[in-house]
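Asks:
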Amino acid sequence: MRIMTGLLLLVVFPLAAQEPMDRPPGKRVVITIDDLPCANCAEGTWDQMTDDLLRTLTAHRVPATGFVNENKLYRDGVLDSARYRMLERWLQAGMDLGNHTYAHLGATRTTVAEFRQDVVQGEEHLRPLMERHGRALRYFRHPFLQAGATPQRRDSLNALLAQLGYTIAPVTFDNDEYIHAYCYEHARRAKDDSLMRHLAADYLTYMAEAALFHEEQARGFFGREIPHILLIHANALNAAKLDALLTWFEQQGYRFISLEEALKDECYTRSEATTRYGFSWIRRWQLAAGQKPPWPPEIQPEVQQRYDALRN
Ligand SMILES: [Zn+2]
Numbered sequence: 023m024r025i026m027t028g029l030l031l032l033v034v035f036p037l038a039a040q041e042p043m044d045r046p047p048g049k050r051v052v053i054t055i056d057d058l059p060c061a062n063c064a065e066g067t068w069d070q071m072t073d074d075l076l077r078t079l080t081a082h083r084v085p086a087t088g089f090v091n092e093n094k095l096y097r098d099g100v101l102d103s104a105r106y107r108m109l110e111r112w113l114q115a116g117m118d119l120g121n122h123t124y125a126h127l128g129a130t131r132t133t134v135a136e137f138r139q140d141v142v143q144g145e146e147h148l149r150p151l152m153e154r155h156g157r158a159l160r161y162f163r164h165p166f167l168q169a170g171a172t173p174q175r176r177d178s179l180n181a182l183l184a185q186l187g188y189t190i191a192p193v194t195f196d197n198d199e200y201i202h203a204y205c206y207e208h209a210r211r212a213k214d215d216s217l218m219r220h221l222a223a224d225y226l227t228y229m230a231e232a233a234l235f236h237e238e239q240a241r242g243f244f245g246r247e248i249p250h251i252l253l254i255h256a257n258a259l260n261a262a263k264l265d266a267l268l269t270w271f272e273q274q275g276y277r278f279i280s281l282e283e284a285l286k287d288e289c290y291t292r293s294e295a296t297t298r299y300g301f302s303w304i305r306r307w308q309l310a311a312g313q314k315p316p317w318p319p320e321i322q323p324e325v326q327q328r329y330d331a332l333r334n
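So the mapping is simple: this note's numbering equals the position in the sequence shown, first residue as 1, plus 22.
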């Protein structure tokens with residue numbers, strides 16, 4: 023039996039090694055997590071959220087990029103050293119960090135000068151922190167994915183970001199996960215375990231639908247798989263459910279890659295349509311090509327209604 027196994031190994035391995043070098047790279051996705059250190063997190067939970075996210079990312083060998091809002095580092099106007107150290111832990115865990123502006127101002131409703139101020143203020147602590155860890159601050163993520171509502175404004179913002187040394191981090195796997203997350207955080211504070219379970223299940227169903235939709239749109243547009251970029255937020259919902267979400271991607275055949283690797287793909291050199299909204303870059307490319315793409319899946323009505331009621 024041992025001889026048989028040895029023979030089998032000899033047969034299997036040479037075959038695997040002979041696969042053509044130009045084999046398509048298959049399904050790949052970058053995990054990006056916005057609004058660090060923590061989005062809408064309750065006092066006293068920030069450390070645990072950070073631990074949970076980093077432990078899950080590490081367990082799944084994900085080279086994630088987190089995008090920081092520096093105003094969240096302050097408490098009552100004073101820099102909070104514990105929150106600052108949370109960012110340090112992301113770097114120590116091997117993750118990358120990018121600038122998501124200081125105060126999360128959307129580009130659609132600000133002047134270029136106001137936007138510039140928010141970008142520059144957003145790197146005050148982040149850039150020296152990364153340099154101390156031998157890392158360079160490279161990536162920028164637009165708040166609300168608002169990248170300039172007109173071609174002129176987009177070009178001004180792009181020139182500004184390039185001048186400040188930033189590479190823009192687009193999003194293809196866009197979603198409205200913050201709606202589930204808002205309801206989940208509310209249920210968590212109310213200690214409503216049953217509602218938390220329902221929301222988490224709805225969240226995973228919705229995220230799968232959204233990813234499959236964008237995957238199909240990209241495949242239809244490019245005629246191949248592109249390296250996708252997922253946007254989620256650093257919140258209690260993902261602290262609890264990131265493991266299940268990453269497992270779903272693995273089951274779909276996805277491999278987790280870095281932002282740097284994804285952005286080498288030529289799809290990210292295409293110019294996109296401008297919009298005042300936070301569309302997926304796939305939709306922007308489709309619109310720029312004169313297409314009329316379908317709308318992505320909507321949040322479950324029950325969850326949307328719950329969110330609307332909580333916000334009012
Ligand atoms: Zn954000």
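Idealized CB from N, CA, C, for every residue including glycine. It should be emphasised that the depicted structure is a prediction, and the values quoted were computed from it without experimental measurement.
1. What residue does the beta strand (DSSP E) around N180 start on, and which one ends it?
2. Can you find at least 3 beta carbon pairs, one from the segment 83-91 and one from the segment 113-127, that sit closer than 8 Å?
3. At a Cβ threshold of 8 Å, is V52 touching chain C?
4. Confirm the yes/no value for this check: CB of D1, any heavy atom of ligand 1, distance under 7 Å.
5. Just to confirm my understanding: we take M218, look at its own chain, exclude 5 residues before and 5 after, and list those with CB closer than 7 Å. What are they?
6. What residues in its chain sit with their C-beta under 8 Å from that of D173, if we drop five residues either side in the sequence?
7. For L127, which residues from the same chain have a beta carbon less than 7 Å from its beta carbon, with the 5 sequence-adjacent residues on both sides left out?
8. At what residues does the beta strand (DSSP E) containing D118 begin and finish?
9. How should E294 be labelled, buried or exposed, when 16 other C-beta atoms within 10 angstroms of its C-beta is the threshold for buried?
10. Give a yes or no on whether the C-beta atoms belonging to V52 and L281 are separated by under 8 Å.
11. Taking the C-alpha atoms as reference points, what is the distance between P316 and S178?
12. Go ahead and pull the three-state DSSP assignment for H202.
13. Can you tell me which residues form a DSSP beta bridge with Y96?
14. Tell me whether L6 sits in a helix, a strand or coil according to DSSP, three-state version.
15. What are the start and end residues of each continuous alpha helix (DSSP H) run of 4 or more residues lying completely inside the segment 108-166, in chain order?
16. Identify whether T296 lies in helix, strand or coil by the three-state DSSP scheme.
17. When you compare only the Cα positions, how much space is there between E41 and H155?
18. For the candidate residues G170, L183, P150, whose alpha-carbon lies nearest to that of Y161?
19. With respect to the alpha helix (DSSP H) encompassing V325, which residues constitute its N-terminal and C-terminal limits?
20. Quick check: the segment 307-322 against the segment 261-278, are at least 3 beta-carbon pairs closer than 8 Å?
21. Mind the definition here: the segment 244-253 touches the segment 76-84 only if three or more C-beta pairs lie below 8 Å; say whether that holds.
22. Look at the Cβ atom of L259, then the Cβ atom of A331, and state whether they are nearer than 8 Å.
23. Using a strict less-than 6 Å threshold between each residue's beta carbon and the heavy atoms of ligand 1, what residues do you get?
24. Can you give me the C-alpha to C-alpha distance between A284 and A104, rounded to a whole angstrom?
25. Distance check for R97 and G48, CA to CA, integer angstroms please.
26. How would you label N257, buried or exposed, when you count the other beta carbons within 10 angstroms and need 16 or more for buried?
27. Might you give, ordered along the chain, the residues of its own chain that have their beta carbon closer than 8 Å to the beta carbon of E231, omitting 5 neighbours on each side?
Replies: Taking the geometry as given:
1. Residue 180 sits at position 158 when you count from the first residue of the sequence shown. Not the beta strand (DSSP E): N180 falls in the alpha helix (DSSP H), residues 173-185.
2. The segment 83-91, when compared against the segment 113-127, does touch it at the 8 Å Cβ threshold.
3. This model lacks chain C altogether, as it is built from one protein chain only.
4. Here the chain comprises residues numbered 23 to 334, so residue 1 is not present and cannot be evaluated.
5. The residue labelled residue 218 in the question sits at position 196 within the sequence shown. Y206, A209, R210, listed in sequence order.
6. Along the sequence shown, one-based indexing puts residue 173 at 151. Note that residue 173 corresponds to Pro in the displayed sequence, not to Asp. Counting only Cβ-Cβ distances below 8 Å, and skipping sequence neighbours, we find T296.
7. Counting from 1 along the sequence shown, the entry for residue 127 is found at position 105. Cβ within range, chain order: E136, F137, D140, P165.
8. Counting from one through the sequence shown, the residue named residue 118 turns up at place 96. Note, D118: beta strand (DSSP E), 118-121.
9. Reading the sequence shown from its first residue, position 272 is the one you call residue 294. Buried, by the Cβ-count rule.
10. For the purposes of this step, residue 52 is identified with residue 30 of the sequence shown, where counting begins at 1. For the purposes of this step, residue 281 is identified with residue 259 of the sequence shown, where counting begins at 1. Going by C-beta atoms, V52 is nearer than 8 Å to L281.
11. Taking the sequence shown and counting its residues from 1, one reaches residue 316 at position 294. Taking the sequence shown and counting its residues from 1, one reaches residue 178 at position 156. P316 and S178: Cα-Cα distance of roughly 30 Å.
12. The residue given as residue 202 occupies position 180 in the sequence shown. Helix.
13. One-based indexing of the sequence shown puts residue 96 at position 74. In the DSSP output, where bridge partners are listed per residue, Y96 has L101.
14. Since the displayed the chain opens at 23 and closes at 334, residue 6 lies outside it and no answer follows.
15. 134-143, 148-154
16. Counting from one through the sequence shown, the residue named residue 296 turns up at place 274. The answer is coil: DSSP assigns T296 none of H, G, I, E or B.
17. Here residue 41 corresponds to residue number 19 of the sequence shown, with the count starting at 1. Here residue 155 corresponds to residue number 133 of the sequence shown, with the count starting at 1. Annotation note: pLDDT 47 at E41 (below 50); position unreliable, no value reported.
18. One-based indexing of the sequence shown puts residue 161 at position 139. Checking every option, the nearest Cα to that of Y161 belongs to L183.
19. The residue you call residue 325 lines up with position 303 of the sequence shown. First-last of the alpha helix (DSSP H) with V325: 323-333.
20. The segment 261-278 makes no contact with the segment 307-322; the number of CB pairs closer than 8 Å stays below 3.
21. no
22. Against the sequence shown, residue 259 aligns to sequence position 237. Against the sequence shown, residue 331 aligns to sequence position 309. Not closer than 8 Å, so no.
23. D56, D57, H122, H126, P165
24. In the sequence shown, residue 284 corresponds to position 262, counting from 1. In the sequence shown, residue 104 corresponds to position 82, counting from 1. The C-alpha of A104 is placed about 32 Å away from the C-alpha of A284.
25. Taking the first residue of the sequence shown as 1, we reach residue 48 at position 26. Taking the first residue of the sequence shown as 1, we reach residue 97 at position 75. Their backbone Cα atoms lie some 45 Å apart in a straight line.
26. Counted from its first residue, the sequence shown places residue 257 at position 235. It is buried - the Cβ of N257 has at least 16 other Cβ atoms within 10 Å.
27. Residue numbering aside, residue 231 sits at position 209 when the sequence shown is read from its first letter. If we look at E231 and ignore the five residues flanking it on each side, its Cβ neighbours are P319.
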